[in-house]
Each structure stands twice: as structure tokens, then as C-alpha cells.
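Trainee: Under my numbering, read the sequence shown as residues 110 to 392, first letter to last.
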Amino acid sequence: MRKRLQDFNELVMFQHSIFSLPFIFIAMIVAAEGWFGFKLLLLGAFAAISARNAAMGFNRYIDRSFDIHNPRTSGRPSVDGRLDGASIAIFTAVNALVFMAVAYFINDLAFYLSFPVLIVLFSYSFFKRFSSMAHIVLGISLGLAPIAGAIAVLGTVPQWSLWLSIGVVFWVAGFDLLYSLQDMEFDKTNNLHSIPSKYGSQATLKISAFFHVLTVVFWAIFVHKAALGMFASGAVLFSALMLTYEHILVRRDFTQIDRAFFTVNGYLGFVFIGLIILDKVAV
Numbered sequence: 110m111r112k113r114l115q116d117f118n119e120l121v122m123f124q125h126s127i128f129s130l131p132f133i134f135i136a137m138i139v140a141a142e143g144w145f146g147f148k149l150l151l152l153g154a155f156a157a158i159s160a161r162n163a164a165m166g167f168n169r170y171i172d173r174s175f176d177i178h179n180p181r182t183s184g185r186p187s188v189d190g191r192l193d194g195a196s197i198a199i200f201t202a203v204n205a206l207v208f209m210a211v212a213y214f215i216n217d218l219a220f221y222l223s224f225p226v227l228i229v230l231f232s233y234s235f236f237k238r239f240s241s242m243a244h245i246v247l248g249i250s251l252g253l254a255p256i257a258g259a260i261a262v263l264g265t266v267p268q269w270s271l272w273l274s275i276g277v278v279f280w281v282a283g284f285d286l287l288y289s290l291q292d293m294e295f296d297k298t299n300n301l302h303s304i305p306s307k308y309g310s311q312a313t314l315k316i317s318a319f320f321h322v323l324t325v326v327f328w329a330i331f332v333h334k335a336a337l338g339m340f341a342s343g344a345v346l347f348s349a350l351m352l353t354y355e356h357i358l359v360r361r362d363f364t365q366i367d368r369a370f371f372t373v374n375g376y377l378g379f380v381f382i383g384l385i386i387l388d389k390v391a392v
């Protein structure tokens, strides 16, 4: 049983939840103007994790025919025999149902939107087959998190949550571009669409950098629209510095992509939410 759980954990790369969880809770903190309660903390965490598990499970199920031939992904549980297709499909369906059930207990709007949200999350898995804009779709998938956080607390979509969300869209799309450099040649060979395979590595680096400039701009607008203070402004500045460091790492050496992808962006999210908490405590 323990081995089975480890296989599913590896399947969905649970540790990558650090990219979406901080921004859900950032939105919840800002919406509540402070602490939003243990109930919403648990519901928000379960909603985010189950939605991500469903999306990742669906992606792994759909992409098995490609992943088995890609040296970077051929060791995944979905293609090396540890998990069969039926198990992955059941895992995906269960997590989708859990997500909708949790949304039901949050509020009506969250429940009604849970259906289209799942459609968006699942659509990413198909985009690479016909469009190089899959990076943006992935960004949108994670960019829904701040809006969901605001809805959980307020039952509405405040304007500031849109700016925070758009920033997340370009943040995720930008680092996914860098991550996709690893699969550039494989994508070309297998007729999969991505910006690296279409435009090359140098253009990809420039587009990613532009996306991350937009990220900082939109997060600065979020801080202004939400009438946040000095610590929140510090979060935006810290993000700008971390994103700059990320690009320096990758431009120096493509073997640093994993470090840039996971470590740098992981720190960014946690420091961002920490400074938002300080911003509310200091008020």
C-alpha cells in the first residue's frame, strides 16, 4: 500500500503543489483581510490538491504514448509498468469528484465553477498536439487559483484577484517555457507543438523573460488595487529578483533548468505569501 501511494505521488509530482497553493492562500488572506479560518484553510487545500491531482492524472493518462519514448519521462509510473491505465483513470476520476465535492462545501459559486475549471485543467493535455500556446493554457490552469481563493472567502470575484491571477498566468507560462527547453528536440521529432520546438532556444529565453516582466507588472498592479502595504510591495520586488536569478541560471547552463524550475519558483511562492501575511499583521 505504501509503495502504491509513493507511485501515485511520483505520478502527479505532489511536491509541485508549491506553485499553486501559496497563491490560493494569498488571495484568501487578502479577501479576508487577515485570517480566514481553519475550515476554509482545509477546504482550500483539499480543493487545490484534488484539482491538481485530477489534472496531472489526466495528463499522464493521455500522454502515455509520448512519455514512453521520451528519455526524460520514460521512468514515470504511468509508462514503466508500475501503474496501469485503469488505475490512473480511477485516480483521476476520484480526485475530480473530490474537487467538486469540496467546492460544494465552500459555496455555491465555487461549486458551479468547479465544472468549467476541470474542463480548463484537462484541456491543457490536448493543446500540445495542435498549438504551441500550451504554455499559456498551463498558466491559465494555475492562474485560476487566486480567483478561486477569493471566491472561497467572498463568494465573488474582486478586481484585484484578476490582476494577481494574470500575474500567475505569465509566471507559470514563463517558467514552463524554460522547462520545455529540455524537450525541444523530442517535440520536433514527434510533431508536438511548443514554443521551443517552433522558435528555438534563444527566442524561448526572450519570450520567457518578457512573460516574467509582465508577471512583475501585474503583481504590482495587484498590490495597488488591493491597497496593500510595504511588505506586499517587497513581495513583488523579491519576485522580480528571483525571476531575474532564474533567467541568469538557465542562460548560463541549461542543466540548471530543474534547479531554476523547482527551487527558485518554490522559494518565490513561499516568500510571497510570507510577506503578504506580514503585510496584514503589520496593518
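A virtual CB, placed ideally from N, CA and C, is assigned to each residue, including glycine.
Is residue 163 closer than 8 Å to residue 130 when the C-beta atoms are compared?
Mentor: no
Trainee: Please identify the residue among 176, 153 and 168 whose C-alpha is closest to the C-alpha of residue 299.
Mentor: 176
Trainee: Check whether the Cβ atoms of residue 267 and residue 290 lie closer than 8 Å to each other.
Mentor: no
Trainee: For residue 360 versus residue 314, is the C-beta spacing smaller than 8 Å?
Mentor: Yes, the Cβ-Cβ distance between residue 360 and residue 314 is below 8 Å.
Trainee: Give every residue of the same chain whose Cβ lies closer than 7 Å to the Cβ of residue 181, excluding the five residues on either side of it in the sequence, and list them in chain order.
Mentor: Listed in chain order, the non-local C-beta contacts of residue 181 below 7 Å within the same chain comprise 291 and 292, local neighbours out to five positions each way being set aside.
Trainee: Can you give the Cα-Cα distance for residue 245 and residue 232, rounded to whole angstroms?
Mentor: 12 Å
Trainee: Quick one: what does DSSP say residue 312 is sitting in, helix, strand or coil?
Mentor: helix
Trainee: Comparing C-alpha positions only, which one of 351, 117, 309 and 327 sits nearest to residue 371?
Mentor: 351
Trainee: If you drop the 5 nearest sequence neighbours on each side, which residues of the same chain put their C-beta closer than 6 Å to that of residue 243?
Mentor: 236 and 237
Trainee: Between 296, 328, 270 and 119, which lies nearest to residue 186 when the distance is taken from Cα to Cα?
Mentor: Of 296, 328, 270 and 119, the residue nearest in Cα terms is 119.
Trainee: How about residue 378 and residue 155: do their beta carbons lie closer than 8 Å?
Mentor: No, Cβ-Cβ distance for residue 378 and residue 155 is not below 8 Å.
Trainee: Touching or not, the region 209–223 and the region 165–174, by the rule of three or more beta carbon pairs under 8 Å?
Mentor: no
Trainee: Let's see if you can read the secondary structure: which residues bound the alpha helix (DSSP H) around residue 190?
Mentor: Counting along the chain, residue 190 falls outside any alpha helix (DSSP H), and DSSP gives it neither H nor E.
Trainee: How big is the Cα-Cα spacing for residue 278 and residue 251?
Mentor: 7 Å
Trainee: I'd like to check one pair, residue 270 with residue 208: are the Cβ atoms closer than 8 Å?
Mentor: no
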